[in-house]
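Below you'll find the structure, written out as structure tokens, and then a few comments.
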Amino acid sequence: MLSKKVEYTVDDFYFFKIGPMWRYFKSEHPAFWLICGYLFFEYFRPQALYPAIAILPWSQVLLLGSLAFSFFDQKSRLSWTTAHTLIVLYTVQIYMSFIFAYDVSWSKYYISNFYPWIIIFFVTTYIVTTPERFYLLLMVFFVCTLKLAIGTALIWARRGFAFTPWGIMGPQGFFQNSGELAIQMLIMFSLSIYLYKAFKGSNISLKERLILLVSVVTPIMTVLGASSRGSQLALPILILLVFGKKILNIKNILILVFALASIWAVLPDAQKDRFSSMGSDGTSAQRLAYWTRGIEMIAEHPIMGVGYYNFIPYFTDFYSEDIGFRNREGELVAELPHNIIIQIGTDAGITAILIFLMLVVHLSRSKLNDSDTTLKFIEKGLALGVVGFFIAGQFVTVTYYPFIWIAAALITSLRSSVRIDKNAKSARSAILVATRERTTEN
1 MLSKKVEYTV DDFYFFKIGP MWRYFKSEHP AFWLICGYLF FEYFRPQALY PAIAILPWSQ
61 VLLLGSLAFS FFDQKSRLSW TTAHTLIVLY TVQIYMSFIF AYDVSWSKYY ISNFYPWIII
121 FFVTTYIVTT PERFYLLLMV FFVCTLKLAI GTALIWARRG FAFTPWGIMG PQGFFQNSGE
181 LAIQMLIMFS LSIYLYKAFK GSNISLKERL ILLVSVVTPI MTVLGASSRG SQLALPILIL
241 LVFGKKILNI KNILILVFAL ASIWAVLPDA QKDRFSSMGS DGTSAQRLAY WTRGIEMIAE
301 HPIMGVGYYN FIPYFTDFYS EDIGFRNREG ELVAELPHNI IIQIGTDAGI TAILIFLMLV
361 VHLSRSKLND SDTTLKFIEK GLALGVVGFF IAGQFVTVTY YPFIWIAAAL ITSLRSSVRI
421 DKNAKSARSA ILVATRERTT EN
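Encoded structure:
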């Protein structure tokens, strides 16, 4: 006698039930396997850990494979949202900037930094259309980032929580530099703290609770050790936002004061000195020059900016007297502006800034209702990560890094999958009611 196939729901996976998740994953379509594989190779970076397997551009192969298989997947569907519209408009604005670019060769050379994220967003939201698929993809993201958080937190601990000018280096890839690594940790902290809140009173195992605790603590450690002032400024703001209106409670005020005092106490003295010298040290002075001149560029070219990725050649040619550093060849060459808003404005004008801000607001506002308790907490965590990215992004040039684009894909997939699931359940309920009514009449 054949055994009945078990039908899993997302509730069976909470918080980290490996058995049900793995059995569900094996039953899924190859399109979903491949999009999970893409995220794994993009964030876990096994090809960097084991160079012997770096024989193919795995991320690109898996992404294109997921797109190809998605056309044969019955669950894949395009559910158009506000995020899709905003990202399309932003893409059009970027490509329009090519027409008016100061040096279009720079735009063409760096376009590969941008368009893959658009493909990733559309492919992910096309394939991830159920709460079960979303949660498994989220767990891939969670596990990969947790591995990164634990590894980098241990690096800081092993050196005695000491300060180094380079902060903490991540693995080869998007999170190798300490500034970018710290932003990913802000995103991880935001997600983890809301996962902790979601499952705080639930019946999960001690092992799962320990995983949640480690996932909250290690990103904080990495942010503190990464010596990235932007992310270190963002962290207490995120903590305040997590408390929200509950901050008025005396108990919570004391907890918050203790937490912030503890964070300040473990900061190395050299890092505290960096905060006290903000605005007057050489790095700060150079960034202020970039920001001041960047605002001038936007004011002079408000419609289309100076062209996608044209900040460097334009600044080098017109504001060379404001360049305070030389490259290895001794030449005065500008850097990117160390600010996502100025990068976007100089790339594609004020319209692009407005579209991007609308996208950030759309992603950072909660859309799920109270009936989706656990998924609503997850949405809040992902949304808070967008806020963390935006705050830290005022000090680094990370517009075309994975942060906002992967967040957009995850948040949009979550909202769409919940809506699709509700519509399907409503349709099934309507069919059952109609069937019962016909049976009663007969």
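Take the sequence shown: its position 164, counted from the start at 1, is 164 in the working numbering, and no numbers get skipped. Every residue, glycine too, gets a C-beta built ideally from N, C-alpha and C. Values in this document were obtained by computation on a predicted structure and should not be read as measured data.
- Only exposed fits residue 373, as fewer than 16 other CB atoms lie within 10 angstroms of its CB.
- In summary, residue 331 is exposed, with fewer than 16 beta-carbon neighbours lying within 10 Å of its beta-carbon over all protein chains present.
- Setting aside the 5 residues that flank it on each side, residue 53 is surrounded in the same chain by 46, 47, each with a C-beta closer than 7 Å to its C-beta; the list follows chain order.
- Residue burial is scored here from C-beta neighbours: residue 11 has fewer than 16 other C-beta atoms within 10 angstroms and is therefore classed as exposed.
- For residue 238, the three-state secondary structure derived from DSSP is helix.
- The Cβ atoms of residue 81 and residue 292 lie no closer than 8 Å to each other.
- Boundaries of the alpha helix (DSSP H) harbouring residue 317: 311 to 318, taken from the DSSP string.
- In the three-state reduction of the DSSP assignment, residue 116 falls in the helix class.
- Taking 8 Å as the cut-off, the Cβ atoms of residue 286 and residue 258 do not count as close.
- Contact annotation: the region 107 to 126 does not touch the region 314 to 321, with fewer than three C-beta pairs closer than 8 Å.
- In the structure shown, the three-state DSSP call for residue 28 is coil.
- Residues 90, 93, 94, 97, 305, 344, 345 of the same chain have their beta carbon placed closer than 8 Å to that of residue 352, with the five preceding and five following residues left out of the count.
- Contact check for residue 63 against residue 123 passes: the beta carbons are separated by less than 8 Å.
- Check the Cα spacing between residue 41 and each of 69, 71, 143: the tightest is with 143.
- Across the structure, residue 365 and residue 329 are spaced so that their CA atoms are roughly 47 Å apart.
- In this structure, the alpha-carbon of residue 192 lies about 9 Å from that of residue 378.
- About 7 Å separates the beta carbon of residue 35 from that of residue 137, a gap short enough to meet the 8 Å contact definition.
- Residue 348 sits buried, since 16 or more C-beta atoms from the chains shown fall within 10 Å of its C-beta.
- Taking 8 Å as the cut-off, the beta carbon of residue 338 is found closer than this to the beta carbon of residue 395.
- By alpha-carbon distance to residue 18, the top candidate from 205, 71, 177, 176 is 205.
- The beta carbon of residue 421 lies closer than 7 Å to those of 130, 131 in the same chain, with the five residues before and after it left out.
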